[in-house]
Amino acid sequence: MNILLLGSGGREHALSWKLAQSPRVEKLYAAPGNPGIADHAECVSLDATRHQEVVAFCAARDIHLVVIGPEAPLVDGLANALRAADIPVFGPDKAAAQLEGSKGFTKDLCARANIPTAAYVRTTSLAEARAELPKFGLPVVIKADGLAAGKGVIIAETESQADAALVDMFSGSFGAAGAEVVLEEFMVGEEVSFFALTDGTAIVPMGSAQDHKRVSDGDTGPNTGGMGAYSPARVLDEVCERQAMERIILPTVYTLASEGTPYNGVLYAGLMLTSEGPKLVEYNARFGDPECQVLMMRLEDDLAELLLAVAEGKLADYGAITMRDECALTVVMAANGYPGTPEKGGAISGIDAAEAGEGVKVFHAGTALNDGALVANGGRVLNVTALGSSIAEAQARAYKAVDAISFPTGFCRRDIGWREVAREAG
Ligand code: AMP
Ligand code: GLY
54 MNILLLGSGG REHALSWKLA QSPRVEKLYA APGNPGIADH AECVSLDATR
104 HQEVVAFCAA RDIHLVVIGP EAPLVDGLAN ALRAADIPVF GPDKAAAQLE
154 GSKGFTKDLC ARANIPTAAY VRTTSLAEAR AELPKFGLPV VIKADGLAAG
204 KGVIIAETES QADAALVDMF SGSFGAAGAE VVLEEFMVGE EVSFFALTDG
254 TAIVPMGSAQ DHKRVSDGDT GPNTGGMGAY SPARVLDEVC ERQAMERIIL
304 PTVYTLASEG TPYNGVLYAG LMLTSEGPKL VEYNARFGDP ECQVLMMRLE
354 DDLAELLLAV AEGKLADYGA ITMRDECALT VVMAANGYPG TPEKGGAISG
404 IDAAEAGEGV KVFHAGTALN DGALVANGGR VLNVTALGSS IAEAQARAYK
454 AVDAISFPTG FCRRDIGWRE VAREAG
């Protein structure tokens with residue numbers, strides 16, 4: 054089969070790497086792709102916001118499956134246009150993608166389906182938000198409703214911080230995404246990411262991961278898109294996973310289906326493991342980045358077959374997903390300046406030496422070729438990823454590979470996986 058993969062980051066490099074291993078894939082296209090993805094796919098230039106152009110490309114190239122990597126085209130309804138043209142697509146329609154596109158939508162769904170999550174209120178004006186604020190105590194969580202590239206969440210420790218965040222959001226600092234603001238109760242616990250694939254009816258768990266969102270060691274400094282991840286996250290034990298499936302994932306999928314907006318794709322649940330069991334922090338409508346990289350390293354199955362089964366509504370026949378028992382860990386190498394303005398154009402070398410290490414794969418995120426030389430071209434630049442029999446072993450292999458890479462204008466955290474390494478050390 055011929056596949057079109059949309060996206061250009063480390064997540065999509067991992068997906069293309071795994072898709073290309075499938076004997077069922079004849080031709081893999083990626084739009085726009087990146088220099089790492091180009092090892093596995095023909096990179097083409099397609100504007101994902103022009104839905105009919107994507108549909109026309111699929112017809113012209115006999116595409117059997119479209120895999121949408123990032124959230125923006127999902128929230129924008131690209132999957133609707135493809136489904137309307139009878140092209141199987143992995144990723145939810147616009148209505149179901151509201152799980153990521155609108156935090157208020159998700160909170161209302163949780164309320165309708167009795168899904169455990171933080172208490173909340175949706176507000177549409179500064180006056181309304183100020184009036185609601187005292188009901189929450191401190192700290193309080195303040196969220197822009199729409200997509201804000203991971204930056205639309207403020208945890209305010211004081212009343213003046215909370216008020217400043219509200220003023221900021223309602224004055225348009227997040228554009229339309231901040232026209233509505235959700236106030237939430239602050240939940241205490243350890244966070245974990247849980248992934249499940251669904252075609253709207255069947256639901257199959259894919260495993261857990263833990264991300265490191267802060268830029269600096271010890272989970273300090275500003276939030277980022279993620280500086281590293283590992284899988285599995287054993288803090289989500291069997292009991293917690295069953296509770297998450299029964300209390301959160303299943304009711305979400307069934308409620309969306311019963312309301313006529315079935316979800317097709319991967320459900321990425323951000324969970325808080327509280328003293329009362331797992332509670333939903335947020336949903337994403339796509340794989341995590343960099344969580345996808347560690348999941349792809351651990352996936353034993355043929356990814357093309359799996360994603361096609363989801364896209365065609367045949368997941369019930371597919372059955373369970375097999376993941377390796379081994380652990381995987383990825384370290385993000387970012388360009389100096391990230392998560393502010395990253396320095397572009399810095400030289401990168403040594404990837405081959407890094408990949409000579411046992412169990413190592415280096416995924417490209419923000420890279421480009423400049424006269425044939427690999428350079429940095431984004432905030433998160435490389436995802437240095439390794440398998441190991443434990444998180445500690447995967448971590449040691451990943452950092453050995455990091456040290457084989459020369460990227461003088463970049464940096465990385467040195468403690469990815471620290472929670473699990475400490476748990477393993479007991
Ligand atoms: P979100 O984009 O909704 O995942 O929020 C970003 C981060 O803010 C999460 O990963 C959590 O660390 C934190 N967060 C969001 N909502 C809450 C909450 N209700 N209680 C505690 N922390 C939260
Ligand atoms: N790593 C966090 C995310 O993909 O949203």
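Okay, so the sequence shown: first residue is 54 according to the working numbering, each after it adds one. Where a beta carbon is used, it is the ideal one built from N, C-alpha and C, also for glycine.
Looking at the unbroken alpha helix (DSSP H) that takes in F223, where does it start and where does it end? E212 to F223
Relative to the alpha-carbon of T308, which residue among L162, P126 and A109 has its alpha-carbon at the smallest distance? Proximity to T308 across L162, P126 and A109 peaks at L162, based on C-alpha coordinates.
Quick check on the DSSP output: what are the complete alpha helix (DSSP H) runs of length 4 or more inside the region 148 to 218, in order along the chain? 156 to 166 and 179 to 185
Does the distance from the CB of T375 to the CB of K414 come in under 8 Å? In this structure, T375 keeps its C-beta atom at 8 Å or more from the C-beta atom of K414.
In chain order, which alpha helix (DSSP H) runs of at least 4 residues are fully inside the region 286 to 350? 291 to 297 and 303 to 311
Just the Cα atoms here: how many angstroms apart are T420 and T305? 37 Å
What does DSSP give as the partner residues of F416 in its beta bridges? Answer is N436.
Between which two residues does the alpha helix (DSSP H) holding A138 run? A138 -> no alpha helix (DSSP H), and no H or E assigned at all.
Beta bridge counterpart(s) of Y283 as assigned by DSSP: Q263 and L382
In the DSSP assignment, what are the bridge partners of N276? R267
Quick one: is G398 buried, meaning 16 or more other Cβ sit within 10 Å of its Cβ, or exposed? exposed
According to DSSP, is E106 helix, strand or coil? helix
Reduced DSSP secondary structure (H/G/I, E/B, other) of E411: coil
Using only alpha-carbon positions, find the residue among K196, C293 and Y336 that is nearest to T177. Among K196, C293 and Y336, the Cα nearest to that of T177 belongs to K196.
Compute the minimum distance between the beta carbon of P343 and the heavy atoms of ligand 3, and state whether it is under 7 Å. Absence of ligand 3 from the depicted structure is noted, with ligand 1 and ligand 2 being the only ligands included.
Close beta carbons around P285, own chain, < 6 Å, minus the five adjacent residues each side: Closer than 6 Å at the Cβ level, and outside the excluded window around P285, lie G260 and S261.
I want to know whether the region 139 to 146 touches the region 155 to 169 - three or more CB-CB distances under 8 Å. No, the region 139 to 146 does not touch the region 155 to 169.
Own chain partners of Q296 with C-beta closer than 7 Å, once the 5 adjacent residues on each side are dropped: G330 and P331
May I ask you to verify whether the region 200 to 208 touches the region 338 to 350, counting CB pairs closer than 8 Å and requiring at least 3? Segments in contact, no.
Any heavy atom of ligand 2 inside 7 Å of the beta-carbon of G89? no
Need the endpoints of the beta strand (DSSP E) that V234 sits in, please. V234 to E238
Determine the contact status of L59 and A101, defining contact as a CB-CB distance below 8 Å. yes
Would DSSP call V120 helix, strand or coil? strand
By DSSP, does I469 sit in helix, in strand, or in coil? In the structure shown, I469 sits in coil (DSSP, three-state: anything other than H, G, I, E or B).
For C96, which residues does DSSP report across the bridge? A83
Rounded C-alpha distance that separates A388 from A310: 42 Å
Tell me which same chain residues have a C-beta within less than 6 Å of the C-beta of R109, skipping the five on either side of it? Looking at the sequence provided, one finds Ala at residue 109 rather than Arg. Excluding residues within five positions, none has a Cβ falling inside 6 Å.
Cutoff 8 Å; reference R476; Cβ partners in own chain excluding five residues on either side: Only R287 and V288 meet the Cβ criterion.
Which residue from V434, G432, A322 and P315 puts its Cα closest to that of A149? P315
If you reduce the DSSP assignment to three classes, tell me which class A255 lands in. Correct three-state label for A255: coil.
Of the choices E244, D272, Y321 and G271, whose alpha-carbon is the least far from that of D290? Residue E244 is the option with its Cα nearest to D290.
At which residues does the beta strand (DSSP E) containing I458 begin and terminate? Under the DSSP assignment, I458 falls outside any beta strand (DSSP E); it carries neither an H nor an E label.
Using the C-alpha atoms, what's the distance from G432 back to G390? 8 Å
What separation, rounded to the nearest whole angstrom, lies between the Cα atoms of A180 and A229? 18 Å
Which residues in the same chain as C111 place their Cβ atom closer than 8 Å to its Cβ, once the five residues preceding and following it in sequence are excluded? L57, V119, L135, A138 and I140
Taking 8 Å as the cut-off, decide whether the C-beta atoms of V235 and G323 are in contact. It is not a contact, given that the beta carbons lie outside the stated cut-off.
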